[in-house]
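Sequence lines, in order, name chains X and G. Just so you know, numbering that gives the first Met the number 0 puts the end of the first sequence at 130, numbered straight through with nothing missing. Just so you know, numbering that gives the first Met the number 0 puts the end of the second sequence at 335, numbered straight through with nothing missing. Just so it is clear, CB atoms sit at the ideal spot from N, CA and C, and this is done for glycine as well. Input: a single structure, listed below in structure tokens.
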Amino acid sequence: MDAIDVPQENSATYDGHLKALYARTGDGRLGLVQSCGWEVEEIVTQQAVQAFEELAASACERVRTGQSSPLEVHMYRARMDIALLAQASGLWRWQVRRHLRPAVFARLSKALRARYAGALGIDPDQLNVVG
Amino acid sequence: MAAACFVHQHASHCESGVMSAIVRHYGLPLSEPMVFGLSSALTFAFLPFIKLSGLPLVSYRMPPRTIIRGLQKPLRFSMRTETFRRPEKGAARLDELLDAGRVVGLQVSVFWLPFMPQNFRFHFNAHNLLAYGRDEANGDYLLSDPVLEGPTRCAPADLAKARFARGLLAPKGLLYYPDSAPQEPAWERVVPAAIKKTARTMLHAPLPFVGVRGIARIARAFGRLPAAADPQAAKLYIGHLIRMQEEIGTGGGGFRFMYAAFLEEAATLVALPVLAELAAQMVEIGDLWREFALAAARMIRDRDPLNPNHLAALLHAQAAREKTFFAMLGKAVRLS
């Protein structure tokens, strides 16, 4: 790739940052060229972000109808799945899966709440809030 | 004190960027591509049995810490690595090293770094950055993240979370710094050795998941995607490979452009002009990886009809091209 062919497509996903790529510069040698975005990359980044947003939205719906606990929403908002939340909180997967049931979640001890809040990077009081 | 003399350098990949900055800071100026090539970091790996949010692990480079460890032999110095069970101990040790004026490499999770763009903050645990000092006024760490344009800073609580994130490839607070100063190597010996190693893993890795066989394997996995039954799942799988190739700090084309830059620089160092010709071929291979990414992205956005078989054919062609390329590369250095 020549330096003039390096895409400069102002990707929103870059948040104003620049990325460094290697391309053939003016003197004919390969060197570092900064890029402010490439649409291809933006498409796949947004796809991955949206996948979690959709999961969170459908979990939200299930919480409203009493089929799931707010923990599931927070899990997807933190871009985690059950396996990762189990690892991050130091619990077993079956425990996390059980805590996704609204009745079990409602009875969760203070210590467990604090543990989940820590793993998700939120305040323990926020754990019940989905809005 | 160290803060005053450390110079941030923008790089395309985190681990090679950090190691380039470390060896430069400790006395041996070495470009990022040279660091990447000398540690034989280029490869391709497709590990379908390791899943990240349900998607297989794909990498265009060797596993994390390859570059940190791989530079020790050619540059005749030793890196000291330390991990910690308790975050408090990890923070205390980092402070101690920074107070002693050292520049320290850290492994962190991208998700917990507040200065990273929100859209890049996924649970990827093998990101690397440098700490070079502390702000005495508010205790912030002064950091140099090589994939950002300039130096940055981070509050102690956030950095602790990032260093002690759990999950796949958990950093366990890993910090690293050189024990002795890196030495200028005998280029005509270390460059061919590093190239041979890369060619060998690309062509003859004993596992069918690594090297050109790994590319062929993911091509076959593309052929099996449920394009008609579940197009969303197929698109996520395709998009995942493109993210690993372009988004995760690769310098474009899955590190192929950076490796080309290494070959070009090496050609001058060891006076082997054939390496410069091969660098040009590597650039073409990188361009084709970018074209593959473009074709895939068009399908993800429904600008072209979703056709995983077409992408599989492109991947098979890439596997064949890289097979020929690395055979030629291995031969070029064996003859020298």
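Next on the checklist: Only counting the same chain, and skipping five residues up and downstream in sequence, which positions put a Cβ closer than 8 Å to that of ALA1 (chain G)?
Outcome noted: Note on ALA1 (chain G): pLDDT 45, under 50, position unreliable in the model; the coordinate value appears next. Contacts found: LEU97, GLY100, ARG101, VAL102, TYR131 and GLY132.
Next on the checklist: Between the alpha carbons of PHE134 (chain X) and LEU111 (chain X), how many angstroms are there, rounded?
Outcome noted: Chain X is shown from 0 up to 130; residue 134 (chain X) falls before or after that span and cannot be answered.
Checklist entry - Below 8 Å, can you find three or more Cβ-Cβ pairs linking the stretch 149 to 156 of chain G to the stretch 194 to 208 of chain G? => result no
Next on the checklist: Along the chain, where does the beta strand (DSSP E) containing VAL103 (chain G) start, and where does it finish?
Outcome noted: 103 to 107
Next on the checklist: What does the alpha-carbon distance come out to for the pair LEU262 (chain G) and VAL282 (chain G)?
Outcome noted: 10 Å
Item to check | CB contact flag (ALA22 (chain X), MET0 (chain X), <8 Å) | outcome: yes
Checklist entry - Among G:ALA193, G:ALA331, G:CYS4 and G:HIS309, which has the Cα closest to the Cα of LEU277 (chain G)? => result G:ALA331
Checklist entry - Could you check where the alpha helix (DSSP H) with ARG242 (chain G) kicks off and where it finishes? => result Here ARG242 (chain G) belongs to no alpha helix (DSSP H), and DSSP marks it neither H nor E.
Next on the checklist: One question on the structure: do PHE340 (chain G) and SER15 (chain G) come within less than 8 Å of each other, judged by their Cβ atoms?
Outcome noted: Residue 340 (chain G) is absent from the model: chain G starts at 0 and stops at 335.
Item to check | Where the alpha helix (DSSP H) containing ARG75 (chain G) begins and where it ends | outcome: From DSSP, ARG75 (chain G) is part of no alpha helix (DSSP H); its letter is neither H nor E.
Checklist entry - Looking only at C-alpha atoms, which of X:GLY117, X:ALA47 and X:ALA2 sits nearest to ARG300 (chain G)? => result X:ALA47
Next on the checklist: Rounded to the nearest angstrom, what separates ASP144 (chain G) and ARG100 (chain X) at their Cα positions?
Outcome noted: 41 Å
Checklist entry - Mapping DSSP to helix, strand and coil, what is GLU148 (chain G)? => result coil
Checklist entry - Which chain G residues are close to GLN40 (chain X), counting only those with a beta carbon under 7 Å from its beta carbon? => result Checking the displayed sequence, the identity of residue 40 (chain X) turns out to be Glu instead of Gln. GLU245 and GLU246, listed in chain order.
Next on the checklist: Using the Cβ count rule (16 or more neighbours within 10 Å means buried), how would you classify TRP37 (chain X)?
Outcome noted: buried
Next on the checklist: Once DSSP output is grouped into helix, strand and coil, what is the label at VAL129 (chain X)?
Outcome noted: coil
Checklist entry - Residues of chain X with CB under 7 Å from MET257 (chain G), in chain order? => result TYR21
Checklist entry - Taking VAL109 (chain G) as the reference, which of G:HIS126, G:GLU95, G:ASP94 and G:ALA40 has the closest Cα? => result G:HIS126
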